[in-house]
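Below you'll find the structure, written out as structure tokens, and then a few comments.
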Amino acid sequence: MSAVTRSWLACCTLLLLASGAGEAVSGETPAGAVQEKSPDGMRARFKEFLDRVNEYDKLRNSLRGGIPEAGKKATAEQIQKHQEMLAAKIEEARKDAKQGDIFIPDSQKAFRDAIGSAHSGKHARKIDRTIVQGEPVKLDLYINKPYPDKIPVTTVPPTLLQHFPKLPKKIEYRIVGDDLVLEDTESRLVIDIFPGAFPNAPPRT
Amino acid sequence: MSRILIRILFGAILVLPAAAQKITLPQAKGSVRFAVIGDSGSGERLQYETADRLRLAHQQFPFEFALMLGDNIYGSKTPRDFAKKFELPYKPLLDNKVTFYASLGNHDVPEEQSYKLFNMGGQRYYSFKRGNVRFFALDSNYMDPDQLAWLTAQLQNSTDDWKIAFFHHPLYSSARAHGSSLELRGILEPLFEKYGVQVVFSGHDHVYERMTPQKGIAYFTEGSSGQLRPGDIRGAAFTAKSFDTDCTFILMEIAQNDLYFETISRTGETVDSGKITRSEAKKETVPAGSSLQQTPSRGAVSAGVQVLPNRTRQ
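For the protein sequence lines, the chains are A and B, in the order given. Sequential numbering from 1 applies to the first sequence in our numbering. Sequential numbering from 206 applies to the second sequence in our numbering.
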């Protein structure tokens, strides 16, 4: 093969890759899926979810007024008082909250894809191991009710957290049974539940 | 009733050999002295007896502070629980101005970060400095990208001679109950290695285990300061010393380039001791906000350790 032919082939290959035609030709990865997996694509898929989480965060901020702060150097009594008073206000303000208010169907699909993407390949076994080592639990949780403080918090695999959208401070993901749970760690209330987010989850105690 | 009596008698026999404890740490002038406890907050007899042994150790070796490796308060978290599972067992130490620095375990709640006696400054993860040592307390329950970015920046900017990380889930453990946290190891160990963390403490498995240095890092598991899983250690190629027949705590002393450790059981027996020497590798500082690619080569920042056991019992 001459140098000219090699250059021509290299140029064709580059153009093909740049246009995305390479993926179209292989037929393995539709262009839409590539877009969704890019940071912008992921952000767009989780936009509605994040809007709803931020709405919750705003509500919580507005309800803190009049409640003694726990701060950085609180007694156990102050921590408990703050948590219980805030929880009571949020429970009242969200008394009509129901499962799926935040994990709407589109968001559930986005999370399912994110879990599938994180759980594929070499990371799968490590993720499962992390969940098992975190003393996973299976218990009935209720929206807008406290996560029981006697129950350990399950470890959320770091690989999953890299695939999930970032949450406001003091709101965290939990894995409980096969479900993905949003917990307000300040009031200890369960914000929402995505049932069956982990259909192939390791066994729970 | 007879069962209760047997328990009390058995307990008495176990704690009876309160042999005069002789701590062999050098107590060098100006050294950094601290204790390490993990999985302590059971509120049960084992915690109280181990805490009492720690009090006795403090009389001979007046450490200034103690690291807590998580599971600081098991079960419910009422103010009464904080008293029963922390304030009462460690009251003599608290009265003697010993400062406790906590990290969160899976049995803790994030709001423990606000508890003044845990000195977490209202953060799930934080760092503090004592002498020439920088300590990094991490939340291994929830190792999100924000925490990793924070840790990377902290490590990059640290010019301290010693860098010590502590958190709940062990990167190396040969215990049957949980074992090594491989996913976490894959994420944290490269950072520790790159930025010269010399010592890592974890809990979670209710045993004591010291690992042979891995990639130049000394790893300790201390998850038996209030809970115990007797016979849980399997042993692995990385196990340097292990102890799973009684509760323990570790005493540490850092004097210049040497870190001395002594692990003591609930009955006052020294079950492990030795010295970790920091290599004199020249360190280059990294400007704040530098990316990972801008950091010096691994050999330049990795301090590395050499562990010399003093006397170990098999």
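Using N, Cα and C, we set each Cβ at its ideal position, and we do this for glycine too.
- Under the Cβ criterion (8 Å, minimum of three pairs), the region 266 to 282 of chain B counts as touching the region 305 to 314 of chain B.
- For S332 (chain B), DSSP records a beta bridge to B:F341.
- Not one beta carbon of chain B lies nearer than 8 Å to the beta carbon of E84 (chain A).
- Identification of residues in the region 297 to 315 of chain B having a C-beta nearer than 9 Å to some C-beta of chain A yields L309, G310, N311, H312, D313, V314, P315, given in sequence order.
- Remark: C-beta atoms of G408 (chain B) and G428 (chain B) approach each other more closely than 8 Å.
- Sequence-distant Cβ neighbours of K282 (chain B) in its own chain, meaning closer than 6 Å and more than five residues away, are V314.
- Distance check between S386 (chain B) and each of A:V190, A:K145, A:D179, A:V132 places A:V132 closest, using alpha-carbon atoms only.
- Straight across, the Cα-Cα distance linking D244 (chain B) with Q432 (chain B) is about 6 Å.
- Judged by DSSP secondary structure, I438 (chain B) falls outside any beta strand (DSSP E); it is assigned neither H nor E.
- Annotation: D244 (chain B) has no Cβ neighbours in chain A at a cutoff of 9 Å; minimum Cβ distance is about 12 Å.
- Of the candidates B:F270, B:F323, B:L393, B:D351, the residue whose Cα lies closest to the Cα of G336 (chain B) is B:F270.
- Note that the C-beta distance between R260 (chain B) and D366 (chain B) is not below 8 Å.
- Flagged as an interface residue toward chain A: N346 (chain B), by a C-beta distance shorter than 8 Å.
- Using a CB distance below 7 Å, the part of the region 118 to 131 of chain A facing chain B consists of K126, I127, R129, T130, ordered along the chain.
- Counting C-beta atoms within 10 angstroms of its own C-beta, P152 (chain A) has 16 or more neighbours from the protein chains shown and is therefore classed as buried.
- For G479 (chain B), the three-state secondary structure derived from DSSP is strand.
- Assignment of Y56 (chain A) by DSSP, reduced to helix, strand and coil, places it in the helix class.
- Annotation: Cβ neighbours of H374 (chain B) in chain A (cutoff 9 Å, chain order): T130, Q133, G134, T155.
- In this structure, F443 (chain B) keeps its C-beta atom at 8 Å or more from the C-beta atom of I455 (chain B).
- Between N54 (chain A) and P157 (chain A), the CB-CB gap reaches or exceeds 8 Å.
- If you compare the alpha carbons of A:D57, A:R43, A:K72 with that of Q318 (chain B), the shortest gap goes to A:K72.
- DSSP places A70 (chain A) in no beta strand (DSSP E); its state is neither H nor E.
- Interface with chain B (8 Å Cβ-Cβ cutoff): E91 (chain A) is excluded.
- In its chain, beyond the 5 residues on either side, S345, S386, L389, S407, H409 have a beta carbon closer than 7 Å to the beta carbon of H374 (chain B).
- Not flagged as an interface residue toward chain A: D366 (chain B), since no C-beta distance is shorter than 8 Å.
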